[in-house]
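Okay, so here's the structure we're looking at.
Chains as they are written, first to last, in the numbering used here: chain A, 81 to 196; chain B, 13 to 123.
If you want it as structure tokens, here you go:
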């Protein structure tokens, strides 16, 4: 099992460029999420998905798009990169819990993105 | 969105001293999870608490969930250099569809 795989590990973009961060999991998890991590801000939820074909916004969705065409993949698209999107991005996946009870989340290794 | 406050933001301790981080919410939580992130690494799940007043132990780590399910704490006894990292709490929404992380406590252990 590879777990949660994110690519690339590092990326430098120019302002205005677009790109896609890839995330794949091989654990058959229903739920997948994208977080960004900035100093002093913890992990903030960007978008999440509770199953193939279903996505929803988190706390900080502006400037990002997602899609979930398969259970395994959950790419994050930056439409027009801005310096404020410089951050470390983490993808996470987990099984659906029972009711309001969550389950353990598994994180990818992260993508360190710099926008100049 | 749901807000989970975590204190302190930073903590420096001498090796062998104890360490505690606290997680507080203004609303009742259905459950709370704790994660550890080593420097340069990714968050790794430690534990989940579900019941009011629940206490769980993992070796030198003690996790508590408040009676009102609005707060939680992680206590490390006799810290070691291997405890270095950032500790996050995470609480789920009422539907359980998403969960929100606290701002984290960065622990430095001085040998």
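Don't be surprised by glycine CBs; every beta carbon is placed ideally from N, CA and C.
Using the Cα positions of residue 55/B and residue 41/B, report the straight-line distance between them to the nearest angstrom.
21 Å
DSSP puts residue 69/B in a beta bridge; with which residues?
74/B
Can residue 160/A be considered in contact with the ligand MN, in the sense that its beta carbon sits closer than 6 Å to one or more heavy atoms?
You won't find the ligand MN in this model; it holds no ligand whatsoever.
Residue 100/A in three-state terms, based on DSSP
strand
Output yes if chain B places a C-beta closer than 7 Å to the C-beta of residue 122/A; else output no.
yes
Would residue 43/B count as contacting chain A if we go by Cβ distances under 7 Å?
yes
Measuring only between beta-carbons, confirm whether residue 134/A sits less than 7 Å from chain B.
no
Taking residue 121/B as the reference, which of 95/B, 100/B, 103/B and 35/B has the closest Cα?
95/B
Within the 7 Å Cβ cut-off, does residue 35/B reach chain A?
no
Endpoints, beta strand (DSSP E) assigned at residue 119/B:
117-122
On the three-pair Cβ rule with 8 Å, is the stretch 151-171 of chain A touching the stretch 106-123 of chain A?
yes
For the stretch 158-183 of chain A, enumerate the residues whose C-beta is nearer than 7 Å to any C-beta of chain B, in chain order.
170, 177, 179, 180, 181 and 182
When burial is assigned at 16 or more other CB atoms within 10 Å of the CB, is residue 90/A buried or exposed?
exposed
For residue 93/B, write down the residues that DSSP places opposite it in a beta bridge.
For residue 93/B, which the question treats as bridged, DSSP gives no partner whatsoever.
DSSP state of residue 173/A mapped onto helix, strand, coil:
strand
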